[in-house]
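In UniProt numbering, the protein residues as written are 1 to 593.
This report concerns only the one structure given below.
What follows is the structure, encoded as structure tokens:
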């Protein structure tokens with residue numbers, strides 16, 4: 001058979017993968033290994049199936065000793081792959097690109113590039129013991145592939161040969177810079193033979209490719225100087241304005257107690273203006289609960305003009321970031337996983353208890369609800385507006401929110417049930433200052449400040465002064481807004497975390513912008529960064545862990561088809577369990593603990 005291979009070299013030179021840069025999409029290689037069993041017909045079926053599942057390359061590692069096919073057979077393989085939009089190759093790709101297997105070996109590489117540049121088929125040399133001195137920043141071990149690319153700039157392409165039973169890792173390693181994935185492919189992983197058992201079947205291969213492409217789209221630019229388009233409906237619905245706390249006369253000099261920050265039907269100044277307008281004179285009278293506008297003041301500019309946050313935030317020398325959420329969370333600890341029940345309980349306390357128990361069984365660290373004082377969160381106009389949505393539990397928006405709101409006694413009952421009976425951490429999002437005080441009184445391990453409140457300077461300052469651990473989502477905020485949130489809280493303490501979030505239900509993958517996690521880690525290097533996801537499925541959330549998220553929050557539901565806007569972007573118990581398993585698998589295999 002060696003003559004056949006020699007003849008084919010004239011017509012089908014070995015494929016070398018070119019033009020793969022840092023910003024190009026990753027290549028997926030289906031390695032047929034011995035799964036073709038030397039049968040040309042079966043080989044053709046495998047090639048066609050792999051192509052239809054989304055493979056870019058179909059690989060058979062053949063030479064004069066292992067090639068069972070004729071010259072005509074291999075010509076047919078090339079044509080079949082080409083007709084189906086892929087490339088057939090007989091070349092072992094590790095000859096032309098660096099192989100990473102296993103990924104753990106690349107932590108803290110100290111070898112010079114010249115020592116290994118002559119033999120790209122070798123794995124990296126063994127790794128010296130990690131320097132654990134206090135002045136080392138432990139978060140440097142998270143961006144493994146990025147670190148390799150910085151140390152070895154000539155080798156932009158990273159390759160991973162996947163040789164395990166199907167897991168989440170193939171799509172996840174795309175987030176950290178892997179540019180080529182190779183895995184064994186079979187039509188039936190139950191067939192006799194070692195390679196079949198270690199191969200990915202058609203359905204799983206197709207899912208893997210879909211998830212890889214989804215993660216690639218979701219990585220985004222890592223920039224946020226304006227809101228994502230999909231966030232605008234939520235922004236319009238939940239935007240909080242500065243309103244008058246009482247009737248204010250024209251010419252009044254505003255004091256802090258003259259204002260509140262509420263959801264109003266008429267949007268005006270956002271909460272970040274709150275410290276800016278204190279001490280300014282009103283040019284017109286404003287009735288209680290009515291919004292206060294920029295035009296009510298003379299010469300008022302955009303709030304960022306008054307916020308001197310352009311300089312880099314200084315690092316604390318020798319400071320190792322850590323936040324205690326019931327257990328310490330730092331750059332080396334396992335992810336803290338929050339099951340957001342929110343209002344998926346449909347106003348039913350028994351359903352809420354069932355979700356608490358299921359969250360524990362799924363492996364979550366904490367269950368979280370949402371607590372509001374309706375009159376403190378919404379103006380009377382916002383409460384009384386008609387709410388005809390298919391998700392409505394009342395005629396007006398106020399009735400709808402009251403229906404979904406548990407009483408304080410019910411919250412106390414739920415906290416006892418979660419902590420004492422189920423054995424899981426319990427907390428809630430504070431939607432207003434009054435609710436914050438109540439949540440703190442429950443002696444929760446931390447308080448969540450949701451995206452809708454993170455621009456609420458009154459609430460942020462109140463929460464920061466209480467010196468309780470805070471987890472703050474950053475949906476509907478630009479990076480400039482996030483800096484103001486950071487500065488507002490950090491004036492009082494450093495026991496808080498920031499979660500990248502896109503406030504869209506569900507979030508389109510192309511707007512998930514997962515690279516914002518890296519941006520936040522770089523911008524706030526002494527702060528724990530996490531991810532609060534609202535996308536359909538869990539692959540993007542799993543990828544966020546590889547990017548450095550140490551706190552994960554996802555909604556949990558009994559049924560994604562239930563009435564309510566959050567259910568569609570929630571995970572049912574089986575999906576939530578898979579996410580927890582995936583996260584723990586990623587932590588072990590990417591050596592990020």
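All C-beta atoms in this analysis are idealised placements derived from N, C-alpha and C, irrespective of residue type, glycine included.
In this text, all values refer to a predicted model and were calculated from it rather than measured experimentally.
Could you work out which residue in the options is closest to residue i when comparing CA atoms only?
i: residue 391; options: 201, 567, 43, 583; result: 567
i: residue 202; options: 30, 288, 479, 235; result: 30
i: residue 291; options: 395, 481, 404, 241; result: 241
i: residue 515; options: 184, 181, 548; result: 548
i: residue 595; options: 76, 54, 89, 84; result: This structure cannot speak to residue 595, because the chain is shown only from 1 to 593.
i: residue 374; options: 424, 362, 430, 336; result: 430
i: residue 345; options: 506, 79, 56, 572; result: 572
i: residue 279; options: 256, 301, 287, 288; result: 256
i: residue 384; options: 476, 434, 400, 357; result: 400
i: residue 177; options: 53, 467, 518; result: 518
i: residue 499; options: 451, 546, 569, 302; result: 451
i: residue 423; options: 389, 359, 409, 197; result: 359
i: residue 458; options: 212, 188, 555, 245; result: 245
i: residue 238; options: 222, 270, 224; result: 270
i: residue 330; options: 581, 529, 236; result: 529
i: residue 420; options: 444, 440, 389, 433; result: 444
Which class does residue i belong to by DSSP, given the choice of helix, strand or coil?
i: residue 338; result: strand
i: residue 470; result: strand
i: residue 359; result: helix
i: residue 214; result: helix
i: residue 569; result: helix
i: residue 123; result: Caution applies to residue 123, whose pLDDT of 27 falls short of 50 and renders its modelled position unreliable; the value that the coordinates give is listed next. Looking at residue 123 - three-state DSSP - the assignment turns out to be coil, as it is neither helix nor strand.
i: residue 575; result: helix
i: residue 351; result: helix
i: residue 250; result: coil
i: residue 104; result: Caution is warranted here: a pLDDT of 38 is assigned to residue 104, below 50, making its placement in the model unreliable, and the coordinate value is therefore given only provisionally. Helix at residue 104.
i: residue 223; result: coil
i: residue 396; result: strand
i: residue 275; result: helix
i: residue 427; result: strand
i: residue 458; result: helix
i: residue 366; result: strand
Taking the alpha-carbon positions, what's the residue i to residue j distance?
i: residue 190; j: residue 46; result: 15 Å
i: residue 418; j: residue 199; result: 42 Å
i: residue 216; j: residue 207; result: 14 Å
i: residue 232; j: residue 351; result: 31 Å
i: residue 123; j: residue 38; result: In this predicted model, residue 123 has a pLDDT of only 27, less than 50, meaning its place in the structure is not dependable; the value taken from the coordinates is given anyway. Approximately 30 Å between the Cα atoms of the pair.
i: residue 324; j: residue 265; result: 38 Å
i: residue 531; j: residue 508; result: 15 Å
i: residue 281; j: residue 251; result: 5 Å
i: residue 67; j: residue 76; result: 15 Å
i: residue 405; j: residue 414; result: 13 Å
i: residue 185; j: residue 209; result: 12 Å
i: residue 435; j: residue 371; result: 6 Å
i: residue 565; j: residue 259; result: 31 Å
i: residue 70; j: residue 34; result: 16 Å
i: residue 487; j: residue 55; result: 47 Å
i: residue 427; j: residue 411; result: 10 Å
i: residue 503; j: residue 227; result: 9 Å
i: residue 74; j: residue 580; result: 44 Å
Taking the beta carbon of residue i as the centre, do at least 16 other beta carbons fall within 10 Å, making it buried, or is it exposed?
i: residue 386; result: exposed
i: residue 501; result: buried
i: residue 283; result: exposed
i: residue 273; result: buried
i: residue 82; result: exposed
i: residue 97; result: Because the pLDDT at residue 97 is just 36, under 50, the model does not fix this residue reliably, and the value given afterwards should be weighed accordingly. Classification of residue 97: buried, given that the 10 Å Cβ count is 16 or more.
i: residue 249; result: exposed
i: residue 409; result: exposed
i: residue 467; result: exposed
i: residue 41; result: exposed
i: residue 339; result: buried
i: residue 295; result: exposed
i: residue 36; result: buried
i: residue 229; result: exposed
So residue i and residue j are supposed to be a Cβ contact under 8 Å. How far apart are they, rounded?
i: residue 464; j: residue 492; result: 4 Å
i: residue 32; j: residue 43; result: 7 Å
i: residue 377; j: residue 448; result: Not really, about 15 Å apart at Cβ, beyond 8 Å.
i: residue 347; j: residue 438; result: In fact, because the Cβ distance is near 18 Å, the residues do not count as touching under 8 Å.
i: residue 533; j: residue 541; result: 4 Å
i: residue 380; j: residue 289; result: 6 Å
Report yes if the C-beta of residue i is less than 7 Å from at least one heavy atom of the ligand ATP; otherwise report no.
i: residue 515; result: In the structure shown, the ligand ATP is absent, as is every other ligand, since no ligand is present at all.
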